[in-house]
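*Asks:* Supplied in structure tokens, the structure appears directly below.
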Amino acid sequence: MYLLVLIHILQSSLSAVQSCPALCVCSYGNSGITELRLVQCSDPGISAVPINVPADTVKLRLEKTLISRVPRAAFYNLSELRFLWLTYNSITSIHPSSFVNLKALRELRLDGNLLTSFPWEGLRDMPRLQTLGLHNNRLSSLPAHASLFLPNITYLDLSSNRLTILPVELLDLWFPLPGQQGGLVQRRVLGLHDNPWLCDCQISMVMSLSMSLGSPVVLMDQLLICRRSLGQSAMMVTQAGMSRCMRPSVQPAATRVISPLGSNVILRCDATGYPTPTLTWIKTSAYTGCCQQDILENSDQLPRNLESFMQESPRVGVRWSIISLNGLSYKDAGEYRCQARNMAGISEAPIKLKVVGVTRLSRLPKKKPQKTPPKSPSKYRKPNQTAAPTNTPSMKENRILQNITPSINKTQMAPNLLPKVFPIDKYIKRRKMNLTDAKTSIKSTSEPPKNSTTALFSETLV
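Numbering (numbering that gives the first Met the number 0), first residue to last: 0 to 461.
What follows is the structure in structure tokens.
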């Protein structure tokens, strides 16, 4: 019983997949080895997007119907869809999430509708989209943020609308500078004709660059019409006299600056272009050293605009700007960009600033004063060290001699008192010899020396 129910469910689901929506035609087309399912709905009685389109549909065409709006997730079940044509209906609005899950879609055509705006952010749901047709609608403006979602578009038809101005960001996308190409240049086909363009530098740049050799852009129709104002008569873009338009060119005074901590730095850049460009300084990144993580965490959010001083040159189309950084700190290090902008485009140049710390020489450690060893006494001297000879008598010895000499003289004056007395010269010589022998004996022995005066007097009395 359960098996029969399961078979019935599978048959019903299979029939639903194989079924074709009412008022539509379903067929298969050969594409190499596999067969592709094609669904076409072009009956005027259809007023809404069909919800029972087979899941394996590869190409869906909803043409010449009364469909006026495309709701959210209108094609969610068609994950294999590659071509979606919603042409010549009465569509006035498209939900930004209408194209969810169309990851395989490569071609989207919305020609011949009543669109006054298009949800450009919805292109994120179609990463493989290459062809976008918006011909013959009522688009009056092309927002600058549209350039963020058009990098993969190689065919863009904006003809027969009400567009007047092209954003500068689209010129940067379609005509990148040599340093911004990042590999092979992607060629694009643009349809810009049959729009009431204003005669400005953007449309003139597109016209002149598309006609240059090796241009990445090919115009479907090069006969673009513009007017000085919306009330004036139309003229050819080539006759509008906008040949002077020139995209800015930025030349910094230095691309890399290294300055010590606490110093003052002035960054300068010059720009040329027509019309005369305006200059803006932007800090895009902070210091990326290994030792300044705490500074990075507390730094301001980047990028951010900086205050600068701008001066226009007497020559038309030339302008220079400077930015002054006083008392450099590690927060000031990073990459600065000088950006020049005019009606013809945007150009910028990076300047990298590195702040180095002032290294202080570490003081050498003070040398400890060497202690001089105390003089050892005579008894601790080494054997090879001998005392200096003393041939002259000391002051104490002189005094003893002076005391003895008068006594000798008195003895000579009274010879009868001392009959056995040597002559004075011999006596003094003998006393000196006795003194020398006494000193030698004192040095050779550890006994304390005797009083020399007592010894002399004892010999005198002998």
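Backbone N, C-alpha and C fix where the C-beta goes; we use that ideal spot for every residue, glycine too.
Using the C-alpha atoms, what's the distance from Cys200 back to Trp244?
*Replies:* By one-based count along the sequence shown, residue 244 stands at place 245. By one-based count along the sequence shown, residue 200 stands at place 201. Checking the displayed sequence, the identity of residue 244 turns out to be Cys instead of Trp. Each residue's Cα considered, the two are about 6 Å apart.
*Asks:* Taking the straight line between their C-alpha atoms, what separation do you get for Cys19 and Val38?
*Replies:* Along the sequence shown, one-based indexing puts residue 19 at 20. Along the sequence shown, one-based indexing puts residue 38 at 39. Approximately 8 Å between the Cα atoms of the pair.
*Asks:* Under DSSP, the beta strand (DSSP E) around Ile224 begins and ends at which residues?
*Replies:* Here residue 224 corresponds to residue number 225 of the sequence shown, with the count starting at 1. From DSSP, the beta strand (DSSP E) with Ile224 extends over 224 to 226.
*Asks:* Take Met204 and list the residues in its own chain whose beta-carbon comes closer than 8 Å to its own, dropping the five residues that flank it on each side.
*Replies:* Start at 1 with the first residue of the sequence shown, and residue 204 comes out as number 205. Answer for Met204: Leu170, Phe174, Cys244, Arg246, Ala343, Gly344, listed in chain order.
*Asks:* Which residue wins for smallest C-alpha separation from Val99, given the options Pro126, Leu114, Asn88?
*Replies:* As a working note, residue 99 is residue 100 in the sequence shown. When only C-alpha atoms are compared, the closest one is Pro126.
*Asks:* In the DSSP assignment, what are the bridge partners of Tyr154?
*Replies:* Indexing the sequence shown from 1 puts residue 154 at position 155. For Tyr154, which the question treats as bridged, DSSP gives the partners Thr130, Val188.
*Asks:* Rounding to the nearest angstrom, what Cα-Cα distance links Ser89 and Asp110 in this structure?
*Replies:* What you label residue 89 is simply residue 90 of the sequence shown in a count that begins at 1. What you label residue 110 is simply residue 111 of the sequence shown in a count that begins at 1. One Cα belongs to Ser89, the other to Asp110, and the distance between them is close to 10 Å.
*Asks:* Pull up the distance between the alpha-carbon of Val167 and that of Leu22, whole angstroms please.
*Replies:* Start at 1 with the first residue of the sequence shown, and residue 167 comes out as number 168. Start at 1 with the first residue of the sequence shown, and residue 22 comes out as number 23. Rounded to whole angstroms, Val167 to Leu22 spans 45 Å at the Cα level.
*Asks:* Cα separation between Ile322 and Ile265?
*Replies:* For the purposes of this step, residue 322 is taken as the residue at position 323 of the sequence shown. For the purposes of this step, residue 265 is taken as the residue at position 266 of the sequence shown. If I take the Cα positions, the gap works out to 6 Å.
*Asks:* If we ignore side chains and look at the alpha-carbon of each, how far apart do Lys282 and Arg137 end up?
*Replies:* Walking along the sequence shown from the start, residue 282 turns up at place 283. Walking along the sequence shown from the start, residue 137 turns up at place 138. Cα to Cα, the separation comes out at about 40 Å.
*Asks:* According to DSSP, is Gln39 helix, strand or coil?
*Replies:* The sequence position of residue 39 within the sequence shown is 40, counting from 1. Gln39: strand per DSSP, three-state reduction.
*Asks:* With burial defined as no fewer than 16 other Cβ atoms inside 10 Å of the residue's Cβ, what is the status of Val24: buried or exposed?
*Replies:* By one-based count along the sequence shown, residue 24 stands at place 25. Flag for Val24 reads exposed.
*Asks:* Have a look at His192, Ser214, Arg81, Ala103 and flag the residue whose alpha-carbon is nearest the alpha-carbon of Val184.
*Replies:* On the sequence shown, residue 184 is found 185 positions in, with the first residue counted as 1. Measuring from the Cα of Val184, the nearest candidate turns out to be Ser214.
*Asks:* Which two residues bound the contiguous beta strand (DSSP E) that contains Gln250?
*Replies:* By 1-based counting over the sequence shown, the position of residue 250 is 251. Where Gln250 is concerned, the enclosing beta strand (DSSP E) stretches over 245 to 251.
*Asks:* Would you say Thr153 and Arg186 are within 8 Å of each other, going by their C-beta atoms?
*Replies:* Your numbering for residue 153 matches position 154 in the sequence shown. Your numbering for residue 186 matches position 187 in the sequence shown. Cβ atoms of Thr153 and Arg186: closer than 8 Å.
*Asks:* Use the C-beta contact count for Ile257: other C-beta atoms within 10 angstroms, 16 or more gives buried, fewer gives exposed.
*Replies:* Taking the first residue of the sequence shown as position 1, residue 257 is located at position 258. With fewer than 16 other Cβ atoms within 10 Å, it is exposed.
*Asks:* Is Val78 near Ala103, with beta carbons less than 8 Å apart?
*Replies:* Within the sequence shown, residue 78 is the residue found at index 79, counting from 1. Within the sequence shown, residue 103 is the residue found at index 104, counting from 1. For the sequence presented, residue 78 should be read as Ser rather than Val. Yes.
*Asks:* My output table needs one value for Lys58: the three-state DSSP class, helix, strand or coil.
*Replies:* Mapped onto the sequence shown, residue 58 falls at position 59. Looking at Lys58 - three-state DSSP - the assignment turns out to be strand.
*Asks:* So what does Ile257 bridge to, in DSSP terms?
*Replies:* For the purposes of this step, residue 257 is identified with residue 258 of the sequence shown, where counting begins at 1. Paired residue(s): Lys353.
*Asks:* Counting only runs of 3+ residues fully inside the stretch 77 to 121, write out the beta strand (DSSP E) ranges in chain order.
*Replies:* 82 to 84, 106 to 108
*Asks:* DSSP on Leu266, reduced to helix/strand/coil?
*Replies:* To locate residue 266, count along the sequence shown from 1; it is residue 267. Looking at Leu266 - three-state DSSP - the assignment turns out to be strand.
*Asks:* So the candidates are His94, Leu157, Arg226, Lys351; which of them puts its Cα closest to the Cα of Cys198?
*Replies:* Here the question's residue 198 lines up with position 199 in the sequence shown. Here the closest residue by C-alpha is Arg226.
*Asks:* Could you tell me the alpha carbon to alpha carbon distance between Asp55 and Asn76, rounded to whole angstroms?
*Replies:* For this step, residue 55 is matched to residue 56 along the sequence shown. For this step, residue 76 is matched to residue 77 along the sequence shown. The straight-line gap from Cα to Cα measures roughly 9 Å.
*Asks:* So who's on the other strand from Leu278, going by DSSP bridges?
*Replies:* Here residue 278 is taken as the residue at index 279 of the sequence shown, counted from 1. Looking at the DSSP assignment, Leu278 forms a beta bridge with Ala339.
*Asks:* Tell me the rounded alpha-carbon separation between Ala332 and Leu324.
*Replies:* Residue mapping note: residue 332 aligns to position 333 of the sequence shown, counting from 1. Residue mapping note: residue 324 aligns to position 325 of the sequence shown, counting from 1. Cα-Cα distance, rounded: 10 Å.
*Asks:* Confirm, please, whether the CB-CB distance from Val57 to Leu83 is below 8 Å.
*Replies:* Position 84 of the sequence shown, counted from the first residue, corresponds to residue 83. Position 58 of the sequence shown, counted from the first residue, corresponds to residue 57. Their beta carbons are not under 8 Å apart, which means Leu83 does not touch Val57 by this criterion.
*Asks:* Apart from the five residues just before and just after Arg105, which ones in its own chain have a Cβ nearer than 8 Å to its Cβ?
*Replies:* As a working mapping, residue 105 is identified with position 106 in the sequence shown. Answer for Arg105: Arg81, Phe82, Arg127, Leu128, Gln129, Thr130, listed in chain order.
*Asks:* Indicate the three-state DSSP secondary structure (helix, strand or coil) for Ala73 in the structure shown.
*Replies:* Taking the sequence shown and counting its residues from 1, the one referred to as residue 73 is at position 74. DSSP, read as helix, strand or coil, puts Ala73 in coil.
*Asks:* Do you know how far the Cα of Met432 is from the Cα of Val420?
*Replies:* Against the sequence shown, residue 420 aligns to sequence position 421. Against the sequence shown, residue 432 aligns to sequence position 433. Any answer about Val420 is weak, because its pLDDT of 48 lies below 50 and its placement is not dependable; what the coordinates show is given next. Rounded to the nearest angstrom, the two C-alpha atoms are 17 Å apart.
*Asks:* What did DSSP end up calling Val48 once you bin it into helix, strand or coil?
*Replies:* On the sequence shown, position 49 is the one that residue 48 refers to. Coil, per DSSP.
*Asks:* For Met206, does the count of other Cβ atoms within 10 angstroms reach 16, so buried, or fall short, so exposed?
*Replies:* Here the question's residue 206 lines up with position 207 in the sequence shown. Of the other Cβ atoms in all chains shown, 16 or more fall within 10 Å of the Cβ of Met206; this residue is therefore buried.
*Asks:* Spatial neighbours of Asp220 within its chain, please: CB distance less than 6 Å, with the 5 preceding and 5 following residues excluded, ordered by chain position.
*Replies:* By 1-based counting over the sequence shown, the position of residue 220 is 221. Contacts found: His192.
*Asks:* Looking at the strands, I want to know which residues DSSP matches up with Ser346.
*Replies:* Against the sequence shown, residue 346 aligns to sequence position 347. Assignment of beta-bridge partners to Ser346 by DSSP yields Ala339.
*Asks:* State yes or no: is the C-beta of Leu155 within less than 8 Å of the C-beta of Asp124?
*Replies:* Position 156 of the sequence shown, counted from the first residue, corresponds to residue 155. Position 125 of the sequence shown, counted from the first residue, corresponds to residue 124. Result no, Cβ atoms of Leu155 and Asp124 do not sit closer than 8 Å.
*Asks:* Throw me the rounded Cβ distance for the Arg318 and Leu278 pair, which I believe falls under 8 Å.
*Replies:* In the sequence shown, residue 318 corresponds to position 319, counting from 1. In the sequence shown, residue 278 corresponds to position 279, counting from 1. Going by Cβ atoms, the distance from Arg318 to Leu278 rounds to 6 Å, so yes, they are a contact pair.
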